[in-house]
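Protein chains in written order, with our numbering: chain A, 25 to 210; chain B, 4 to 1290. Every residue gets a Cβ at the ideal spot worked out from N, C-alpha and C, and that includes glycine. Please read all numbers here as calculations on a predicted model, not as lab measurements.
What follows is the structure, encoded as structure tokens:
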């Protein structure tokens, strides 16, 4: 499974079985995304951490690419970077992070270091742009997310009634021509 | 009236309500899904707002949730932004398009000045202060309520902001739960919004805290600061939902189990409101319309062989133009929607097409004007060309709604006046004919109101004169008190009479009638010996309008369908002078117009058989912004509906000639308003109309009636709080003091029971209305039996005593925070800002101390007056007057202090209904707080002051429920919000609406109308066609002539094409008739039917003598109240004479070869009528008791029993030929004898005849006789005999 595949997988799992992403939207987002990952990597490196971009994780049949994994002696930071403004954070981001967290911990079962999970977004206006860190705090939520990741990566929690289409913000980047509720653009 | 208020005052009020809409939308989102209205998805049919965190964060509907101050402030700012420059309705939270904050500020200043009566100090302050000031004013008015935290899962942006910390390189937010993520997401979006508008959320909070201290004097202690961050705001509507969901008679007696807040629906304003205030709109006399009418004139002349030159065409054209100029004075602007229809219809006429026009849109969108302009002008063109043309408007009710009739009469008056001015010796004659039409007598009668109609400001009166002559006139005084000097003008072009012969129809140009009368006309025409006798009655029909066609989705479609078929067949026969040969023959030169409520809303949620999941949807905006392609394309559901109504063949006939006219209402509204889409953005700067709904489930072990009753108690206080609190907004005109609620209960008997039980039990006995504001201590006794109300004392007074003694608390904590009291008591509805210190500062230690605090509330006297007023009403209704009707008679004379609840149903006389409606409209005093009604209030009564509809049980169809919902929120005085509380029953069919998906589809009319195609069901068609034959059977058995007539009709090619299999079924049926009549003629071997028959004959004769004697007694009494009694009895006498004559005829023939079933039917109807007379008159006035002979009922029972014995005997010989084995076995065990020869009779308003006696033989040889009122039940139980019929 590719990184974008994980996103697609999540989208289908949590909302609509009929979801097919528009690829040009994703590609455009990817370009901006690279610049931001480098910026965060620099900051973490200046803080004395070792960072690895596009960190590949594999466990069983599942593969994924984590945007950034930074480590020091005590902790590993799993970072999912979003090039959007923090005000546009989506729940799918959190779920994507949860699958990575699961894959990472499953792959490194002998790792004794604490694993930190964070989503990072843009914040503020263009003149004073900062990075917004959404940190998963507390083992409880962290473990729940890892559990959830396991479930999502495995069987998935699909919507109970497949006959019904679920409207969400994903519909705006869906190009399933068979969907009867296609968005209308002017 | 409302319209008299100044424009500036109205603008301010409109702004207040419009801003309130944005607050309410977010509150519904919070109650439904604990989110706010962030984002929508535009499907082209509507914008669908969803909860973006679904499914990982889902919050169930909870009416206790409210808005925290930041969300509230955002809602207010966004509402102002929408009004000032518009916001993107696809993403309402998106700060783009930006609006100058100064404009927002200045608009808010203007609104606030209106509320505060122009105090100058508010002009200088900043936006944060203004918002705080505004919020406190809304709280003071009761449009907003401040409540402390009541649920631990309420979205709280103030608290969520505390999660965000600024560090050197990053802004960090640490989250512990998925709900934190959701809240943070909303918080970040709001922060961005505030930031873009230069608003600091901290300053917003500080400004409010400061204002609160200033205004209320609450100290800013730490505890209160903490309390403030957990304070939520609920709207007036949110409070109603909260208290309806927890309604109970006593604190520990829940009447409701759970509730579900449905998504909101936003709709654009109606054309009638925006056409007046904007520059948009068209004129009825625009050149495009005039040109299309001109070509229509030429086309009609050509097709009817009239030679006309240009001058003649121009002359006719000029007359029509003059008429349209006059019409435009009454209707200065047309919406694009109306305009398109009118142009397209006349254009099609000019192209020599006959059209099928389909008009479907909400109430108040001008549908009647569309078809009337076309109908009247087309009739006129024919007449001016020296040809005849007639139009029939058919509606599915007993009588057409008054408001609808007024429109028709006014337009015809305009047309006729212009014709008079032009010295044309012709006019358009309107004939109304339905159950309410005036019966003509040989003797003169007193003039009476013609359906309460007015014309040119005068009353329309009519009367019967010498020799059955009929007069209609305009009077400046009451019709019954009208002297010759009061008569303004005689009206010769309007008639509303009932006559035996249809010939009087020939003078009408426009016939207004219902499907039932149409069916009678069609039957008579079909069985006439010479169709040409009906030439002037049917042959000239050029246009048929089927109004309120949505009603046929539920019932009477088969009546309409068969009536239409018979009518079209006869019409064609007349025109061709031979049997019609094709469907084209049936609809030759005929326009059909169908007008209905919206039938296309299902596309909002379903398409191509797929549906949206409702669970994560928080709202809809019915807006179509891309109108180019689809404006005239007939949606599939509509074409299916039409095929079911008119038959596939007739529909196809119009389709193939490209002669279907349809204009999409929603697209046209968007076009009128110039709403366009750019990318994903649709900027909307207009007001909204909202729909909101709550579904309440009763507690499983309680009666659903109890849930309804307790909700009504909460509702009464809610309505009262509006009346007393919103005065300030409109103190000169006091429109809010007319506020009332409408409660729909479909069954008449249930309605009457609920009404009386509610007044008797909840008000008189239990004093629930006093308990719910915790005034139990003052109303300690039941008024009904003067006994102490122990339970209330125990559960309210003692509970408060115990609670306060143990813990010692202030009244505020008791009322707002105590888990028992806060849900039970509705007292917060009456708490004003300045009451808060009183409630917070003083600790109480027992109920009396608390009661003392309540007595000091600012609105205490309003609460007391209300309780006393309701008690006064209940005493009058239950203890003083003998009946509701008597109470109604005295309604106008009641003291001002009495607060009334009324009931409206079809059993009331028209005059009584008119009185109730006048009270409801505020024309007469007192204005009821609630009116409980059957479907009678569903249409036609337009009241501006109804903010809420309660529907008990899921009886109405989805379209009907929407019509009812549309009775509320029609004006500023009902907030432009249609609000529905659907109270379900604890029964199977209602429980389905506990599911969100089903409830959303049902309540908002997202269901495809489920019509069936009667043309495909031969036995259904047969039921209606054979009525003619059965009616004839009353006098003659086996009328060959009628049978042959029917056979010819059924075998005509187009009828065989349209109603497939009908001819075969008819053959089986005809054989059965013969076979049954033979069986009936067989002699008994074990009984002596002759003896029974003799006795029955004697009994019928005796009954008739008793009735005649009774009538004579009444006449002698000269009691004016007994007149109707006399008339009703005379009708019974007349019917019974028919039965007697029938019997005697057969006795003379000494034959059993007769069908007794029609007599049984007639006799059972007589029995029912007599029972009604007995019930109505014995209970309602003294004369009934004095003159009523109780033996009449007994005699009738004996007659019925005797006749049934005869029929049972006859049927005991009845063998069904070729019956399948299993059916035979079933019938042997349980033989139903049902009048198979009279399937599907219809009553006066077209309902299947439901006066069936079902005779059931038991295994042991006993006989059970059931009177069944529900035709569906009758048919399903009697099905065994119908099996054969269908096969």
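Handout entry: Limits of the unbroken beta strand (DSSP E) element including residue 955 of chain B
Key = 951-955
Problem - For residue 75 of chain A, three-class secondary structure by DSSP - result: strand
Exercise for the section: Answer with yes or no whether the minimum CB distance from residue 205 of chain A to chain B is below 9 Å. Expected result: yes
Practice task
Would you verify that the beta carbon of residue 112 of chain A is, or is not, closer than 9 Å to some beta carbon of chain B?
Solution key: yes
Exercise for the section: Verify the CB distance criterion: does residue 185 of chain A have a CB-CB separation below 9 Å to chain B? Expected result: Its pLDDT being 45, under 50, residue 185 of chain A is placed unreliably in this model, and the coordinates cannot settle the point.
Handout entry: Proximity test, Cβ basis, 9 Å: residue 33 of chain B and chain A
Key = no
Practice task
Measure from the C-beta of residue 148 of chain A to each C-beta in chain B and report whether the shortest distance is under 9 Å.
Solution key: yes
Handout entry: Residue from B/1050, B/811, B/303 whose Cα sits closest to the Cα of residue 545 of chain B
Key = B/303
Problem - Min CB distance residue 67 of chain A to chain B below 9 Å - result: yes
Handout entry: Start-end ranges of the beta strand (DSSP E) lying completely within the segment 45-111 of chain B, minimum 3 residues
Key = 50-53
Exercise for the section: May I ask you to verify whether the segment 953-960 of chain B touches the segment 763-781 of chain B, counting CB pairs closer than 8 Å and requiring at least 3? Expected result: no
Practice task
For chain B, find out if any of its Cβ atoms is closer than 9 Å to the Cβ of residue 94 of chain A; answer yes or no.
Solution key: no
Practice task
For residue 201 of chain B, count neighbouring Cβ atoms within 10 angstroms of its own Cβ and tell me buried if that reaches 16, exposed if not.
Solution key: exposed
Exercise for the section: Round the Cβ separation of residue 928 of chain B and residue 947 of chain B to the nearest angstrom and send it over; I've been treating them as touching at under 8 Å. Expected result: Not confirmed; about 17 Å, so no contact.
Handout entry: Interface positions of the segment 175-189 of chain B facing chain A (Cβ-Cβ less than 9 Å), listed along the chain
Key = 175, 176, 177, 178, 179, 180, 181, 183, 184, 185, 187, 188
Practice task
Determine the closest residue to residue 588 of chain B out of B/601, B/606, B/568, B/369, with distance taken between C-alpha atoms.
Solution key: B/568
Exercise for the section: Please check if any C-beta of chain B sits within less than 9 Å of the C-beta of residue 101 of chain A. Expected result: no
Exercise for the section: Could you tell me whether any Cβ in chain B is nearer than 9 Å to the Cβ of residue 62 of chain A? Expected result: no
Practice task
Can you grab the Cα-Cα spacing for the pair residue 891 of chain B / residue 854 of chain B, in whole Å?
Solution key: 36 Å
Handout entry: DSSP-derived helix/strand/coil call for residue 853 of chain B
Key = helix
Practice task
Express the C-alpha separation of residue 1011 of chain B and residue 641 of chain B in angstroms, rounding to a whole number.
Solution key: 9 Å
Practice task
Would you give the residue range spanned by the beta strand (DSSP E) that residue 464 of chain B belongs to?
Solution key: 461-467
Problem - Interface flag, residue 3 of chain B vs chain A, CB-CB below 9 Å - result: Summary: the structure shown does not reach residue 3 of chain B, with chain B confined to residues 4 through 1290, and so no result is reported for it.
Problem - Any chain B beta carbon closer than 9 Å to residue 192 of chain A - result: yes
Exercise for the section: Could you tell me whether the Cβ of residue 51 of chain B comes closer than 9 Å to any Cβ of chain A? Expected result: yes
Handout entry: Beta-bridge partners of residue 710 of chain B, as assigned by DSSP
Key = Answer is none; residue 710 of chain B lacks a bridge partner.
Exercise for the section: Would you verify that the beta carbon of residue 60 of chain B is, or is not, closer than 9 Å to some beta carbon of chain A? Expected result: yes
Exercise for the section: Give the interface partners of residue 192 of chain B over in chain A, defined as CB-CB distance under 7 Å, in chain order. Expected result: 111
Handout entry: Buried or exposed (CB count within 10 angstroms, at least 16 for buried), residue 522 of chain B
Key = buried
Practice task
Might you give, ordered along the chain, the residues of its own chain that have their beta carbon closer than 7 Å to the beta carbon of residue 10 of chain B, omitting 5 neighbours on each side?
Solution key: none
Handout entry: 9 Å Cβ cut-off: residues of chain A touching residue 56 of chain B
Key = 114, 115
Practice task
Compare the beta carbon distance of residue 357 of chain B and residue 591 of chain B with 9 Å and say whether it is the shorter of the two.
Solution key: yes
Exercise for the section: Let me know the beta strand (DSSP E) ranges lying completely inside the segment 465-521 of chain B, each 3 residues or longer, listed in chain order. Expected result: 473-478, 490-493, 513-517
Problem - Given residue 980 of chain B as reference, the closest of B/103, B/1101, B/239 once Cα atoms are compared - result: B/239
Problem - Cβ-Cβ distance between residue 365 of chain B and residue 600 of chain B below 9 Å - result: yes
Practice task
Would you mind reading off the limits of the alpha helix (DSSP H) that contains residue 204 of chain B?
Solution key: 204-219
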